[in-house]
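Engineer: Those letters in the sequence shown? Residues 739 to 1031, by the working numbering.
Backbone N, C-alpha and C fix where the C-beta goes; we use that ideal spot for every residue, glycine too.
Being a predicted model, the structure only gives us computed values, none of them experimental.
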Amino acid sequence: MATHNLRVVSDRGAARGPLLQVDGVSLEYRTEERIVRATHRVSFDVHAADRFVLLGPSGCGKSTLLKAVAGFVPPCEGEIRLDGERVQAPGPDRIVVFQEFDQLPPWKTVRQNVMFPLRKSRRMSRAEADECAMHCLDKVGLAGFADAYPHTLSGGMKQRVAIARALAMRPKVLLMDEPFAALDALTRRRMQEELLALWDDAAFTLLFVTHSIEEALVVGSRILLLSPHPGRVRAELNSHQFSLASQGSAEFQAAAQRIHQMLFDVPADTADTTDTQVPRERPAARQYRGKPS
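#1: Among Q826, R864, H889 and G822, which residue has its Cα nearest to the Cα of K846?
#2: In the DSSP assignment, what are the bridge partners of G969?
#3: Which of the three DSSP states is assigned to V835 in this structure?
#4: Between the Cα of S796 and the Cα atoms of P966, L944 and E974, which residue gives the shortest distance?
#5: Looking only at its own chain, which residues have a Cβ that is under 8 Å from the Cβ of D1007, when we skip the five neighbours before and after it?
#6: Determine the direct distance from the alpha carbon of R849 to that of H873, and round the result to whole angstroms.
#7: Going by CA-CA distance only, name the one from G799, E932, R864 and P843 that's closest to A886.
#8: Using a Cβ-Cβ cut-off of 7 Å (strictly less than) and excluding sequence neighbours within five positions of L982, which residues of its own chain qualify?
#9: Can you grab the Cα-Cα spacing for the pair D840 / R824, in whole Å?
#10: So, with DSSP's three-state summary, where would you put V763?
#11: My output table needs one value for P1021: the three-state DSSP class, helix, strand or coil.
#12: With a threshold of 8 Å, are at least 3 pairs of Cβ atoms found where one atom belongs to the stretch 907-923 and the other to the stretch 826-833?
#13: Give me the residue from G986, A993, L945 and A954 with the minimum Cα distance to V786.
#14: Determine the DSSP secondary structure at G816, reduced to helix, strand or coil.
#15: For A920 and Q837, which I take to be in contact (beta-carbon distance under 8 Å), what is that distance rounded to the nearest angstrom?
#16: Per the DSSP calculation, T948 is bridged to which residue(s)?
#17: Rank I773, I901 and S781 by C-alpha distance to the C-alpha of I961 and give the top, closest one.
#18: Could you check if G822 is buried or exposed, using at least 16 other CB atoms within 10 Å of its CB as the buried criterion?
#19: Just to confirm my understanding: we take A881, look at its own chain, exclude 5 residues before and 5 after, and list those with CB closer than 7 Å. What are they?
#20: Here's a check: name, in chain order, each residue in its chain whose Cβ is nearer than 8 Å to the Cβ of D939, leaving out the five neighbours to either side.
#21: In whole angstroms, what separates the C-alpha of A923 from that of Y767?
#22: Given this structure, state the Cα-to-Cα distance separating T943 from C798, to the nearest angstrom.
#23: Please classify R860: does DSSP put it in a helix, a strand, or coil?
#24: Residue range of the alpha helix (DSSP H) that D939 falls in?
#25: When you compare the CB positions of N851 and R898, do they come within less than 8 Å of one another, or not?
#26: How far does the alpha helix (DSSP H) with L804 in it extend, from its first residue to its last?
#27: Quick check: what's the CA-CA separation for V763 versus A865?
#28: With 16 as the cutoff for other CB atoms within 10 Å, does T769 come out buried or exposed?
#29: Figure out for me which residue from L963, E952 and L1001 has the closest Cα to the Cα of E989.
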């Protein structure tokens, strides 16, 4: 594989500057006995219309990092900025799509689920919210299921409703936490196709978490590699040239193998020596009481 096709990013400059900045962010979580560092001084920039993927093995803190961008988890070190403003709490400018299928209130119809945040945020009148909901449902191919309830939908259909609901809010950044991980292989591929088609249509800014190298290459235009626990930045890569159609190609397989080596084949002199655990008595007023993923 030619090295220029999957190259380490060295020029972060852009005419408009980054939309999202993660600057030296460390995150920690509490166990019964210790406070454990999930990520260590992670930095990256996301520009408008990027499809930016956080890729790393289970336990590297990538989902915790996404929750920090969403405003749910405060950093113990570093800063997150959106449009130059420090992120300190959740907001409608950052909408999260999770992998769980139960993120839709079961007592609301598909249409009502998409309308709900639009009405709750008082962004639109009922008529405007209804029109927007139907438009977004049409985009994900579910206009015909507008009056159905979530329990009648398949897992893939529920995820499409969640994506429609998120896009209806027109967030500055769409956050997706392994949204297709619980789907079967065929449905997962179809959802990847539909997500890319939606991006082709709207060019929204996407921050996407996965532990699948193949999915990262397909979905992402840029990929941040995070080391095994605690998550540190290994490299940042461009992957514009790959698509679902290229998955079986020699170039794609070579790129996937190179990423695997960059994630796991670390020379001894660069091995992580950071103390990832600290005594429980350390002040933890700002710590996330969860687990990294």
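Structural biologist: From the atom records:
#1: The count along the sequence shown starts at 1 and reaches residue 846 at position 108. That would be H889, whose Cα lies nearest to the Cα of K846.
#2: As a first step, residue 969 is located in the sequence shown; it is residue number 231 there, counting from the start. In DSSP, G969 forms a bridge with T777.
#3: Counting from 1 along the sequence shown, the entry for residue 835 is found at position 97. Correct three-state label for V835: strand.
#4: As a first step, residue 796 is located in the sequence shown; it is residue number 58 there, counting from the start. Of the listed residues, the one whose Cα sits closest to S796 is P966.
#5: The residue you call residue 1007 lines up with position 269 of the sequence shown. Bear in mind that the predicted position of D1007 carries a pLDDT of just 41, short of 50, making it unreliable; the figure below should be weighed with that in mind. No residues qualify anywhere along the chain.
#6: Position 135 of the sequence shown, counted from the start, is the residue given in the question as residue 873. Position 111 of the sequence shown, counted from the start, is the residue given in the question as residue 849. Taking the straight line from one Cα to the other gives about 10 Å.
#7: Translated into the one-based positions of the sequence shown, residue 886 becomes position 148. Cα-wise, what sits closest to A886 is P843.
#8: Translated into positions along the sequence shown, residue 982 becomes position 244. Once the five neighbours on either side are set aside, the close Cβ partners of L982 are R927, Q930, E931 and V956.
#9: As a position in the sequence shown, residue 840 is number 102, starting the count at 1. As a position in the sequence shown, residue 824 is number 86, starting the count at 1. Rounded to the nearest angstrom, the two C-alpha atoms are 31 Å apart.
#10: To locate residue 763, count along the sequence shown from 1; it is residue 25. V763: strand per DSSP, three-state reduction.
#11: Here residue 1021 refers to the residue found at position 283 when the sequence shown is read from its first residue. Residue confidence for P1021 is low, a pLDDT of 39 falling below 50, so the modelled location carries little weight and cannot support an answer.
#12: With three or more CB-CB distances shorter than 8 Å, the stretch 907-923 counts as touching the stretch 826-833.
#13: As a working mapping, residue 786 is identified with position 48 in the sequence shown. The residue you asked about is not Val; residue 786 is Ala in the sequence shown. Of the listed residues, the one whose Cα sits closest to A786 is L945.
#14: Translated into the one-based positions of the sequence shown, residue 816 becomes position 78. Strand, per DSSP.
#15: By 1-based counting over the sequence shown, the position of residue 920 is 182. By 1-based counting over the sequence shown, the position of residue 837 is 99. Contact holds; Cβ gap of about 5 Å.
#16: Numbered from 1 along the sequence shown, position 210 holds the residue referred to as residue 948. Per DSSP, L793.
#17: In the sequence shown, the residue the question calls residue 961 occupies position 223. Ranking I773, I901 and S781 by Cα distance to I961 puts S781 first.
#18: Taking the sequence shown and counting its residues from 1, one reaches residue 822 at position 84. Classification for G822: exposed.
#19: Stepping through the sequence shown from its first residue, residue 881 is reached at position 143. Around A881: M872 and L875.
#20: On the sequence shown, residue 939 is found 201 positions in, with the first residue counted as 1. K877.
#21: Here residue 923 corresponds to residue number 185 of the sequence shown, with the count starting at 1. Here residue 767 corresponds to residue number 29 of the sequence shown, with the count starting at 1. Rounded to the nearest angstrom, the two C-alpha atoms are 32 Å apart.
#22: Within the sequence shown, the letter at position 205 stands for residue 943. Within the sequence shown, the letter at position 60 stands for residue 798. If you take the alpha carbons of T943 and C798, they lie about 23 Å apart.
#23: The residue you call residue 860 lines up with position 122 of the sequence shown. Of the three classes helix, strand and coil, the one that applies to R860 here is coil, per DSSP.
#24: Translated into positions along the sequence shown, residue 939 becomes position 201. A923 to A940 is the extent of the alpha helix (DSSP H) around D939.
#25: For the purposes of this step, residue 851 is identified with residue 113 of the sequence shown, where counting begins at 1. For the purposes of this step, residue 898 is identified with residue 160 of the sequence shown, where counting begins at 1. No.
#26: Taking the sequence shown and counting its residues from 1, one reaches residue 804 at position 66. First-last of the alpha helix (DSSP H) with L804: K800 to A808.
#27: In the sequence shown, residue 763 corresponds to position 25, counting from 1. In the sequence shown, residue 865 corresponds to position 127, counting from 1. If you draw a straight line from the Cα of V763 to the Cα of A865, it comes to about 42 Å.
#28: In the sequence shown, the residue the question calls residue 769 occupies position 31. Classification for T769: exposed.
#29: As a working note, residue 989 is residue 251 in the sequence shown. Looking at the Cα atoms, E952 is the closest of the given residues.
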